[in-house]
Amino acid sequence: MLEINAFERLLDILKKHDDGQYLAKSPKEVDSSYLHNNQCLIEFYRQFELQQLVIETGMSSLAFIDYLNLEQRNSNYSFSNLKKQDYIVFLEQNGGGEPILFNFHNENNSPSIFAAYDVLEPFKIADNFLQFIQALTVIVDIVYNQYNIYEIYTNDDCDEIKPEFLPKIKMALSPILGENIDRFMQYFYG
Numbered sequence: 107m108l109e110i111n112a113f114e115r116l117l118d119i120l121k122k123h124d125d126g127q128y129l130a131k132s133p134k135e136v137d138s139s140y141l142h143n144n145q146c147l148i149e150f151y152r153q154f155e156l157q158q159l160v161i162e163t164g165m166s167s168l169a170f171i172d173y174l175n176l177e178q179r180n181s182n183y184s185f186s187n188l189k190k191q192d193y194i195v196f197l198e199q200n201g202g203g204e205p206i207l208f209n210f211h212n213e214n215n216s217p218s219i220f221a222a223y224d225v226l227e228p229f230k231i232a233d234n235f236l237q238f239i240q241a242l243t244v245i246v247d248i249v250y251n252q253y254n255i256y257e258i259y260t261n262d263d264c265d266e267i268k269p270e271f272l273p274k275i276k277m278a279l280s281p282i283l284g285e286n287i288d289r290f291m292q293y294f295y296g
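Every number in my numbering is 106 more than the matching position in the sequence shown, counting from 1.
Okay, here's the thing in structure tokens:
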């Protein structure tokens with residue numbers, strides 16, 4: 107599956123910067139109906155250990171939600187424009203909040219990716235999981251390999267982003283995200 111391969115590329119970048127082990131020792135059992143019988147999500151949660159996976163974006167830390175905690179973490183979220191069965195939150199700010207979710211609202215087996223701030227309804231940031239993982243990989247590659255994670259700022263007070271950083275990110279993401287670029291950038295970088 108393309109999504110699994112893309113996620114492995116993301117992990118390859120992360121492994122250069124931490125010692126995390128994210129491949130499951132053996133495939134885990136998952137409830138396929140909870141995952142909307144989506145083969146990509148079933149394989150994703152069977153193959154990867156996500157419990158300790160945190161991704162730094164330069165401005166914040168995002169934590170993937172491991173399968174064993176998925177239902178419990180999802181019970182913390184409610185959106186007026188989505189029914190509980192229409193979404194699965196799979197990523198959130200480290201410590202909780204500002205979720206990123208699979209949105210199955212359109213009866214589509216390939217969910218689009220939405221994000222939400224704590225006070226706003228979810229908005230679309232990627233057409234599908236592959237597009238999202240590819241975009242996240244671009245961010246990780248630039249932030250980790252070109253800016254040493256938190257060196258995106260001009261000073262130690264972290265109050266001003268280097269002027270070339272956001273244009274560089276946006277230019278790299280535009281071919282991947284297309285019309286979703288502005289909402290994606292808004293979620294990740296304000």
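Each residue gets a CB set at the ideal place from its N, CA and C atoms; glycine is no exception.
- For I255, there is no enclosing alpha helix (DSSP H), since its DSSP letter is neither H nor E.
- Contiguous alpha helix (DSSP H) elements confined to the region 161–187 occur at 173–180, taking only those with 4 or more residues.
- Two segments are said to touch when three or more pairs of C-beta atoms, one from each, lie closer than 8 angstroms; by this definition the region 137–156 touches the region 107–122.
- Counted as a single uninterrupted DSSP element, the alpha helix (DSSP H) harbouring N111 occupies residues 108–121.
- For K190, the closest alpha carbon among the candidates G202, E177, N200, Q199 is that of E177.
- Within 10 angstroms of the beta-carbon of V160 lie fewer than 16 other beta-carbons, which makes it exposed.
- Taking C-beta atoms as the reference points, I255 and K268 fail to come closer than 8 angstroms.
- Put simply, of G296, L188, G201 the residue whose alpha carbon is nearest the alpha carbon of Q157 is G201.
- In the DSSP assignment, S280 falls within the unbroken alpha helix (DSSP H) covering 271–283.
- Between I275 and N182, the alpha-carbon positions lie close to 31 angstroms from each other.
- Take the alpha-carbon of I282 and the one of A241: they are about 7 angstroms apart.
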